[in-house]
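Asks: Residue numbers for the sequence shown follow the working numbering, so the first one is 496 and each next one is one higher.
All residues carry an ideal CB built from backbone N, CA and C; glycine is no exception.
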Amino acid sequence: MAKRNLDRVVWTEGMLMCPQHLQQQDQFMEATLSSRLAAAAPVAWGVVAMTIDDGALKAGSFKLTEFVGVLSAGLPVEFSPSEGGAPAARPIADAFPTTAPMLEVYLAVPASREGIPNYQDAIDDTANARFRIANRPVQDLTIAKTEQIVAFGQPNLSIVFGTEARDDFETVKIAEIVRDGTGSFALSRNYIPPALKVAASPVLASWMQDLLSVMLTKQRALSETRRQIDAAAVEFTGQDITRFLLLNALNTYIPHVRHITETRVASPLSCYLTLIELGGALTTFSSEVDPSSFPRFNHADLRSSFEELFGLLNKMLGATVRELCITVPLEARQDGMWIGQLKDDRLPRCPRFVLAVEAEGSQQDVANRLPKLSKIASWKQINQIVRSATPGVPLVVTHRPPSEVPVRPKQVYFMLDVSSDFWRQIATERTVAIYLPPPFDPSKAKIVLMGVPERAAQA
Numbered sequence: 496m497a498k499r500n501l502d503r504v505v506w507t508e509g510m511l512m513c514p515q516h517l518q519q520q521d522q523f524m525e526a527t528l529s530s531r532l533a534a535a536a537p538v539a540w541g542v543v544a545m546t547i548d549d550g551a552l553k554a555g556s557f558k559l560t561e562f563v564g565v566l567s568a569g570l571p572v573e574f575s576p577s578e579g580g581a582p583a584a585r586p587i588a589d590a591f592p593t594t595a596p597m598l599e600v601y602l603a604v605p606a607s608r609e610g611i612p613n614y615q616d617a618i619d620d621t622a623n624a625r626f627r628i629a630n631r632p633v634q635d636l637t638i639a640k641t642e643q644i645v646a647f648g649q650p651n652l653s654i655v656f657g658t659e660a661r662d663d664f665e666t667v668k669i670a671e672i673v674r675d676g677t678g679s680f681a682l683s684r685n686y687i688p689p690a691l692k693v694a695a696s697p698v699l700a701s702w703m704q705d706l707l708s709v710m711l712t713k714q715r716a717l718s719e720t721r722r723q724i725d726a727a728a729v730e731f732t733g734q735d736i737t738r739f740l741l742l743n744a745l746n747t748y749i750p751h752v753r754h755i756t757e758t759r760v761a762s763p764l765s766c767y768l769t770l771i772e773l774g775g776a777l778t779t780f781s782s783e784v785d786p787s788s789f790p791r792f793n794h795a796d797l798r799s800s801f802e803e804l805f806g807l808l809n810k811m812l813g814a815t816v817r818e819l820c821i822t823v824p825l826e827a828r829q830d831g832m833w834i835g836q837l838k839d840d841r842l843p844r845c846p847r848f849v850l851a852v853e854a855e856g857s858q859q860d861v862a863n864r865l866p867k868l869s870k871i872a873s874w875k876q877i878n879q880i881v882r883s884a885t886p887g888v889p890l891v892v893t894h895r896p897p898s899e900v901p902v903r904p905k906q907v908y909f910m911l912d913v914s915s916d917f918w919r920q921i922a923t924e925r926t927v928a929i930y931l932p933p934p935f936d937p938s939k940a941k942i943v944l945m946g947v948p949e950r951a952a953q954a
């Protein structure tokens, strides 16, 4: 490759101007811009956008129909179907041995070399110069009347496979081709090309979207366990400290991850820095992941930077914080009955159970009337209890529910007597039915049954 020219052309009055003067001036301006960009942005090359023809791929050819980006040595490249300039399609089979696991694909242009012509006529199909000369009419931009034929140099682009020599080319790796289960050609699902924007890689954009979904799900689950003093204030106890810190970490980084995911204009480096900051915060809650073990950023091999990192982030987000209480899923029926199953093996062993009720009327009225009117028993016993007006599992109102229970405004809390025979039957059958007769409106009432695990109860 020719040396980058940072020497200025010296212009003097009366000098004889030759093409070489203007050529060297062009090289100086390009080299100056490239050097300044490299100093400010170490990874100022890569793909901005591209489109690969899926139909051609299935038919056995690789065809790049659209591309915007910068090659590794700094040459900007842009073409679209409407403007031309795309490299010729290449058949794949001859370059992809059946024993090879995958085939690398590069967008290439001949490197600038001293002593070798850099421009050749576009009609010469054997041209191996850096640029092809294309003549086209151009109007005078000042008066927009006169027209002149001007020769333009277009990058002499080609598709080069990984099995072919690339020493004399300036390249960017744009894809990996694999064989699917039927033996047909397909793009690798986890390859990320050197990119200047997240949008350039559907793989990276998809991983970011999946991560955001996991973070939001985790954040909502943790938010629901907070104890609300009123509609605006939240209370945390000593037992909530781990949840609070994890929730704080998620709330801090969700806006950053959402912005990167939705706009997709951030660079992979900016994306990487955000993710390792998130990962560093999450390692606080993991004894298995060391923040110093995160993969390093490698612009030329973004898959090695991100694939393992996303795996670690999802692993840490998937790790459960010890539950302080376990909710029993309840299904509401129109007759005022709520039914559920104690599917979680920890529920029958819970020493304390809390019933949270939100219904029409004052909280004091609910606290006074519900223990007298409600019926709680197993599925097998509930109908007999309702007919015989037996109370079932006794309820006692509590104005200060256990600290493990997430408190909500407008809810009234009751402790269940787990020493009663009716509760023992519930634990044996692992089914529960809760009946709220009128004046409680089943369409407007909300009830939640929670068990406090033994470890939390002893904490």
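By Cβ distance, which residues of its chain are closer than 7 Å to Val943, with the 5 residues on each side in sequence left out?
Replies: Counting only Cβ-Cβ distances below 7 Å, and skipping sequence neighbours, we find Thr822, Ala851.
Asks: Using only the alpha-carbon positions, how far apart do Ala550 and Trp702 sit?
Replies: The amino acid occupying residue 550 in the given sequence is Gly; Ala does not appear at that position. Rounded to the nearest angstrom, the two C-alpha atoms are 25 Å apart.
Asks: Which first and last residues belong to the beta strand (DSSP E) in which Pro576 is found?
Replies: It is not in any beta strand (DSSP E) - Pro576 carries neither H nor E in the DSSP assignment.
Asks: Quick check on His754: buried or exposed, where buried means 16 or more other Cβ atoms within 10 Å of its Cβ?
Replies: So His754 ends up on the exposed side.
Asks: Around the C-beta of Gln876, are 16 or more other C-beta atoms found within 10 angstroms, so that it is buried, or is it exposed?
Replies: Gln876 is buried by the Cβ-count criterion.
Asks: Report back the beta-carbon spacing between Ala685 and Glu802 to the nearest angstrom; my notes put them in contact at under 8 Å.
Replies: Here the sequence assigns Asn to residue 685, which means Ala is not the residue at that position. Correct: roughly 6 Å between the Cβ atoms.
Asks: What residue from Leu741, Pro889, Ala670, Val505 has the CA that sits closest to Leu797's CA?
Replies: Leu797 has its Cα closest to that of Ala670, out of Leu741, Pro889, Ala670, Val505.
Asks: May I have the straight-line CA-CA distance separating Gln518 from Asn630, to the nearest angstrom?
Replies: Looking at the two C-alpha atoms, the distance is approximately 19 Å.
Asks: Could you tell me whether the Cβ atoms of Val655 and Ala695 are closer together than 7 Å?
Replies: No, the pair does not count as a contact, with Cβ atoms beyond the cut-off.
Asks: Leaving out five residues on either side along the sequence, give the residues of the same chain with a beta carbon under 6 Å from the beta carbon of Thr658.
Replies: So the qualifying residues of the chain are Ala590.
Asks: Is Val667 near Leu532, with beta carbons less than 7 Å apart?
Replies: No. Outside cutoff.
Asks: Counting only runs that start and end within the segment 788–832, where is the beta strand (DSSP E) found for 3 or more residues in a row?
Replies: Fully enclosed beta strand (DSSP E) runs of 3 or longer: 821–823, 825–827.
Asks: Nearest to Asn878 by CA position, among Met832, Val902, Ser857, is which residue?
Replies: Minimum Cα distance to Asn878 is reached at Met832.
Asks: Quick one: residues in its chain with C-beta nearer than 7 Å to the C-beta of Ala727, no 5 flanking neighbours on either side, listed in chain order?
Replies: The predicted position of Ala727 is uncertain, since its pLDDT is 48 and thus under 50; no value can be drawn from it.
Asks: At 3 residues or longer, and completely inside the segment 530–591: list those beta strand (DSSP E) runs for me, N to C.
Replies: Runs found: 541–547, 559–565, 571–574.
Asks: Strictly by DSSP, which residues pair up with Ile871?
Replies: DSSP output for Ile871 lists Gly887, Ile929 as bridge partner(s).
Asks: I need the boundaries of the beta strand (DSSP E) containing Lys713, first residue and last residue.
Replies: Per DSSP, Lys713 belongs to no beta strand (DSSP E); it is in the alpha helix (DSSP H), 697–718.
Asks: According to DSSP, Glu508 sits in a beta bridge with which residue or residues?
Replies: DSSP output for Glu508 lists no bridge partner at all.
Asks: When DSSP builds the beta bridges, which residues end up paired with Ile654?
Replies: Note: Ile654 sits in a beta bridge opposite Leu602.
Asks: For Pro596, tell me which candidate among Arg674, Ala606, Asp830, Val947 has the shortest Cα-Cα distance.
Replies: The shortest C-alpha separation from Pro596 is found at Arg674.
Asks: Taking the straight line between their C-alpha atoms, what separation do you get for Glu508 and Leu528?
Replies: Going by the C-alpha atoms only, they are around 27 Å apart.
Asks: I think Pro846 touches Val947, with their Cβ atoms under 8 Å apart; what is that distance to the nearest whole Å?
Replies: Indeed, because the Cβ distance is near 7 Å, the residues count as touching under 8 Å.
Asks: Applying the 10 Å Cβ sphere with the 16-neighbour rule, what's the burial state of Cys513?
Replies: So Cys513 counts as exposed.
Asks: Quick check on Glu642: does DSSP put it in helix, strand or coil?
Replies: Three-state DSSP puts Glu642 in a strand.
Asks: If I'm right that Ile749 touches Leu711 with Cβ under 8 Å, what's the distance once you round it to whole angstroms?
Replies: 7 Å between Cβ atoms; contact.
Asks: Grab the span of the beta strand (DSSP E) containing Tyr908 for me, first residue to last.
Replies: Note, Tyr908: beta strand (DSSP E), 907–911.
Asks: By how many angstroms is the C-alpha of Pro605 removed from the C-alpha of Pro612?
Replies: Between Pro612 and Pro605, the C-alpha separation is close to 11 Å.
Asks: Any idea what DSSP makes of Gly676, helix, strand or coil?
Replies: Of the three classes helix, strand and coil, the one that applies to Gly676 here is coil, per DSSP.
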